[in-house]
Amino acid sequence: MTKLFSLLMLAVLAWPVAVHADPSPSVNDLIRDLRAANAEQRVTAAAALAERGPGAAPAVRALVSALSDASGEVQLAALLALKQIGRGAREAVPALIEILKGDDSAKFGGAIGALGAIGAEAQNAAPDLLGFMLGEDQQLSIAACRALIRILPPNHQDVPQVVSVLVQALKAKDERVRDEAVLTLGSAGSIAVPQLAKLVGAYAADPESAGRAAAALALLGREAEPAVAALMKALQSGRESVVVQAAATLSSIGPAAEPAVPQLTKILSGKSRAIRIAALNALGEIGPGSAAAVSDIAVALADRDENIRRESAQALGKIGPESRPAIPALMAALGDDSETVKGLAVWALGRIGGKAVPPLIALLDDDNLQDTAIAALGDIGPAARPAVHSLVEMLRKPGISTDRASDIILALSRIGPAAEEAATTLLQILADEKSDLRPYAAWALAQIGAKDEIPQLIRALFAERDPGSELSVVILISVLTLDPEKELYFSLALKGVTELLTNESGLVRQAAATALAAVGKKAASAVPKLAAGLDDPDPEVRSAFLAALAAIGPEAVEALPAVIKLLADPAYPVRYSASFAIGKIGPAAKVTAPVLEQNLQDQDPVLRFASAWALVQVDPQRSNLASLCVEPLRWGLKSDDSRVRKEAAQALGALGLEAASSASDLEAAGKGDGDNVDKSARDALGNISQPKAGSRGFFERVRGNRGGVTK
1242 MTKLFSLLML
1252 AVLAWPVAVH
1262 ADPSPSVNDL
1272 IRDLRAANAE
1282 QRVTAAAALA
1292 ERGPGAAPAV
1302 RALVSALSDA
1312 SGEVQLAALL
1322 ALKQIGRGAR
1332 EAVPALIEIL
1342 KGDDSAKFGG
1352 AIGALGAIGA
1362 EAQNAAPDLL
1372 GFMLGEDQQL
1382 SIAACRALIR
1392 ILPPNHQDVP
1402 QVVSVLVQAL
1412 KAKDERVRDE
1422 AVLTLGSAGS
1432 IAVPQLAKLV
1442 GAYAADPESA
1452 GRAAAALALL
1462 GREAEPAVAA
1472 LMKALQSGRE
1482 SVVVQAAATL
1492 SSIGPAAEPA
1502 VPQLTKILSG
1512 KSRAIRIAAL
1522 NALGEIGPGS
1532 AAAVSDIAVA
1542 LADRDENIRR
1552 ESAQALGKIG
1562 PESRPAIPAL
1572 MAALGDDSET
1582 VKGLAVWALG
1592 RIGGKAVPPL
1602 IALLDDDNLQ
1612 DTAIAALGDI
1622 GPAARPAVHS
1632 LVEMLRKPGI
1642 STDRASDIIL
1652 ALSRIGPAAE
1662 EAATTLLQIL
1672 ADEKSDLRPY
1682 AAWALAQIGA
1692 KDEIPQLIRA
1702 LFAERDPGSE
1712 LSVVILISVL
1722 TLDPEKELYF
1732 SLALKGVTEL
1742 LTNESGLVRQ
1752 AAATALAAVG
1762 KKAASAVPKL
1772 AAGLDDPDPE
1782 VRSAFLAALA
1792 AIGPEAVEAL
1802 PAVIKLLADP
1812 AYPVRYSASF
1822 AIGKIGPAAK
1832 VTAPVLEQNL
1842 QDQDPVLRFA
1852 SAWALVQVDP
1862 QRSNLASLCV
1872 EPLRWGLKSD
1882 DSRVRKEAAQ
1892 ALGALGLEAA
1902 SSASDLEAAG
1912 KGDGDNVDKS
1922 ARDALGNISQ
1932 PKAGSRGFFE
1942 RVRGNRGGVT
1952 K
């Protein structure tokens, strides 16, 4: 039964897992233990606080005191705890600076690491860190660089020097120093790209350093776009490792690496297995821009090497509808000996869409491939409408196995309203109290949009003896989302789904929150329980609850105190979701502006974007808003997620003339993009070039959108 919701993005119904109380000591207990007579007990307490991460912030003063402990082990454990606490340890900055000014070299690395984790509020330490950066100890130098990257704003005058030191460290003799330099440059942002690109371009003279520079660029992802030309040159290297790394970096850059498609296609025919795999992966990540390479990729589907075949199928799927010429090769791959290759071929056909439907219908009569064909038709979705009749006929056959029937019903649910022909058969399954397929049928009826069948769903709900059964949960969620305008049924379902927010199963809690998010403002009565559940131990559940609050919008302001706490959550995806929820709550959440501004200094580019976007929503009249937010929002215009691109465009448009530096990025984002991104980009360009009186009212429109902020 678990596969029902794993395929529905709800990943629900893994029944039920009890949540037990955490028997570990409290932070107050650990603070007390930091003063114990036994040094080993003090070390254990500091280590336990380190494991708590940001949640150990109340212990900062005690940990600062422990920096003077008679035991060196306690001091080092306290430094580690302060590092793990991160931004919440800002009170420790003066003590950490004193360590850097001292002569106890054993503590230098720990103090530098803690200052870097604290981030922007440790800027007073910058002069001392610069001294370590220029010192003779290479490991401490790299550690100081890493801290400075996290502490200093990208436009700070000392950042170029930090990057130069890191680039030189790529040539160090010590492998650990080189590896740390790669990782640190990979978090430095776009300012590191020119120097890294130059080093990649010199691959012939120094291939080892070029490969490491390319690895750092790969970590930068789309920010490394200006290095595409240098990476294309590196594809011509005679050294396999350089070519593989250059292709991997082009892969991480994604669609913006389209100019490299001819060169990547050329190396597909080489002898090196590693190079061919890297090239296939890059072509797939470039996406539709790799259309010219489809025929060559399709040839690789028949390769002897399973890994080559796997990467070929995956690349064709990522290219999407432009892979239509490869349909015959993909159909042939459905008979591959490898289940992995076969599964990826199914996925690729689903991504290609309607053109793949006729040959897949023909496979429904093939006993060996019909399960594969069913899955592919479900992946195709609404465009698979011509297959509905055949799928229904299969479903009605006497003696069909439960597994195959459930697969068919799930495929029909993914085809959606175009599968309305299946409603009668699904109702018959729902009415059969002995059938294990009833939850599947209920879900499919909802996805098909069978609003007229809500009474039958309600009758099945009342007839179900176990209110916590799979069928009950599925029906409640289905009725809630099927027709919110039918108030009587909706109210009943809303009450039931709200109760599911406290279900023992985290997967059910997540499913309930996802359903509430789907109905948005109409779920406002669930805000108290959503707020109460934000301390859930599962970060995915916390994110789902935040998404529901975001969808509810300004009426979720009651949950603001609980949401604010999650801006410092240990899990970055939860921080993204918290920022999005705060932005959707709007100006009533203006109190969060200082925290959002602080998060703009974080090393994570998605959090910087989410923080900038939210700051635009909650404090639109802020005097320095554009200077803080334009750059992170421009990053959002290059996201792989169309919802992020749309939100970025709208927020930049709301900034008006002050966002003029983003015009070229908006123009690029507005060329043929889907999901109304192009319209949002054009509107933003209009606002930037001709700001109108009262244009701040644009924020109301931004807050009305249902897009999300994701990685």
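In terms of the working numbering, the sequence shown is residues 1242 to 1952.
Glycine included, C-beta positions come from ideal geometry on N, C-alpha and C.
Buried/exposed call for residue i, threshold 16 Cβ in 10 Å
{"i": "A1909", "result": "exposed"}
{"i": "F1703", "result": "exposed"}
{"i": "A1646", "result": "buried"}
{"i": "K1324", "result": "buried"}
{"i": "Q1842", "result": "buried"}
{"i": "D1546", "result": "exposed"}
{"i": "N1365", "result": "exposed"}
{"i": "A1262", "result": "At A1262 the pLDDT is 36, less than 50, meaning the model places this residue with poor confidence and gives no usable figure here."}
{"i": "N1840", "result": "buried"}
{"i": "Q1398", "result": "exposed"}
{"i": "D1369", "result": "buried"}
{"i": "R1886", "result": "buried"}
{"i": "S1784", "result": "buried"}
{"i": "A1543", "result": "exposed"}
{"i": "S1564", "result": "buried"}
{"i": "A1892", "result": "buried"}
{"i": "S1478", "result": "buried"}
Contact belief for residue i with residue j at Cβ below 8 angstroms, rounded distance in angstroms
{"i": "L1668", "j": "I1650", "result": "About 12 angstroms; that fails the 8 angstroms criterion."}
{"i": "A1471", "j": "V1423", "result": "Not really, about 16 angstroms apart at Cβ, beyond 8 angstroms."}
{"i": "R1750", "j": "D1777", "result": "7 angstroms"}
{"i": "G1350", "j": "A1384", "result": "6 angstroms"}
{"i": "L1356", "j": "L1337", "result": "5 angstroms"}
{"i": "A1797", "j": "I1826", "result": "6 angstroms"}
{"i": "A1297", "j": "V1268", "result": "6 angstroms"}
{"i": "V1239", "j": "A1429", "result": "There is simply no residue 1239 to check, as the chain begins at 1242 and stops at 1952 in what is shown."}
{"i": "A1756", "j": "V1738", "result": "5 angstroms"}
{"i": "F1850", "j": "L1874", "result": "7 angstroms"}
Beta carbon of residue i nearer than 8 angstroms to that of residue j
{"i": "R1387", "j": "G1360", "result": "no"}
{"i": "I1793", "j": "A1764", "result": "yes"}
{"i": "I1516", "j": "E1499", "result": "no"}
{"i": "A1230", "j": "L1686", "result": "No answer is possible for residue 1230: it lies beyond the span of the chain, which begins at 1242 and ends at 1952."}
{"i": "A1652", "j": "G1619", "result": "yes"}
{"i": "A1289", "j": "P1266", "result": "yes"}
{"i": "L1521", "j": "A1541", "result": "yes"}
{"i": "W1684", "j": "S1642", "result": "no"}
{"i": "K1412", "j": "S1450", "result": "yes"}
{"i": "E1481", "j": "I1518", "result": "no"}
{"i": "V1871", "j": "A1900", "result": "yes"}
{"i": "A1958", "j": "V1804", "result": "Nothing about residue 1958 can be reported from this structure: the residues present for the chain run from 1242 to 1952 only."}
{"i": "L1721", "j": "F1731", "result": "yes"}
{"i": "A1570", "j": "K1583", "result": "no"}
{"i": "T1613", "j": "V1587", "result": "yes"}
{"i": "A1791", "j": "A1772", "result": "no"}
{"i": "S1631", "j": "I1656", "result": "no"}
7 angstroms Cβ shell around residue i - same chain, five flanking residues per side excluded
{"i": "A1455", "result": "V1441, L1472, A1475, Q1486, A1487, T1490"}
{"i": "P1496", "result": "I1527, G1528, G1530"}
{"i": "A1352", "result": "L1320, L1337, I1340, L1341"}
{"i": "I1560", "result": "G1525, G1528, P1529, S1531, A1532, V1535"}
{"i": "V1315", "result": "A1280, R1283, V1284, A1287, A1307"}
{"i": "A1453", "result": "The identity of residue 1453 in the sequence shown is Arg, whereas the question assumes Ala. The residues are L1411, R1419, V1423."}
Cut-off 8 angstroms between Cβ atoms - residues of its own chain near residue i, not counting five sequence neighbours on either side
{"i": "G1294", "result": "Q1325, I1326, G1327, P1811"}
{"i": "P1562", "result": "P1529, R1592, I1593, G1594, K1596"}
{"i": "N1609", "result": "G1576"}
Same chain, Cβ closer than 6 angstroms to residue i, neighbours up to 5 away in sequence not counted
{"i": "P1264", "result": "Annotation note: pLDDT 49 at P1264 (below 50); position unreliable, coordinate value reported separately. Hits under 6 angstroms: none found."}
{"i": "L1304", "result": "A1319, A1322, L1323"}
{"i": "S1627", "result": "In the sequence on display, residue 1627 carries Pro and not Ser. Closer than 6 angstroms at the Cβ level, and outside the excluded window around P1627, lie V1598."}
{"i": "S1312", "result": "A1280"}
{"i": "D1310", "result": "Q1316"}
Contact test: residue i Cβ vs the ligand NAD heavy atom, cutoff 7 angstroms
{"i": "K1727", "result": "The ligand content of the structure shown is nil, which means the ligand NAD is not present either."}
Item checked: 3 or more residues per run - each beta strand (DSSP E) lying fully within the stretch 1534-1603 -> Within the stretch 1534-1603, no complete beta strand (DSSP E) segment of 3 residues or longer occurs.
Next item on the list: Could you tell me which uninterrupted alpha helix (DSSP H) segments, each at least 4 residues in length, are contained entirely in the stretch 1852-1895, listed from first to last along the chain?
Entry: Given a length threshold of 4 residues, each whole run of the alpha helix (DSSP H) inside the stretch 1852-1895 is given here in chain order: 1866-1877.
Item checked: Segments assigned alpha helix (DSSP H), at least 4 residues, entirely inside the stretch 1366-1428 -> Runs found: 1367-1374, 1379-1392, 1400-1410, 1416-1426.
Next item on the list: Give, in chain order, every unbroken run of the alpha helix (DSSP H) that is at least 4 residues long and sits entirely within the stretch 1752-1794.
Entry: You should have 1768-1773, 1780-1793.
Checklist line | Ranges of the alpha helix (DSSP H) found wholly within the stretch 1266-1318, counting only runs of at least 4 | finding: Correct list: 1268-1274, 1280-1293, 1301-1307.
Next item on the list: Pick out the complete alpha helix (DSSP H) segments inside the stretch 1613-1655, 4 residues or longer, and give them in chain order.
Entry: For the stretch 1613-1655, whole alpha helix (DSSP H) runs of length 4 or above, ordered along the chain, are 1629-1636.
Next item on the list: Report the residue ranges of all alpha helix (DSSP H) runs contained in full by the stretch 1709-1740; include only those spanning at least 4 residues, in chain order.
Entry: You should have 1711-1723, 1728-1740.
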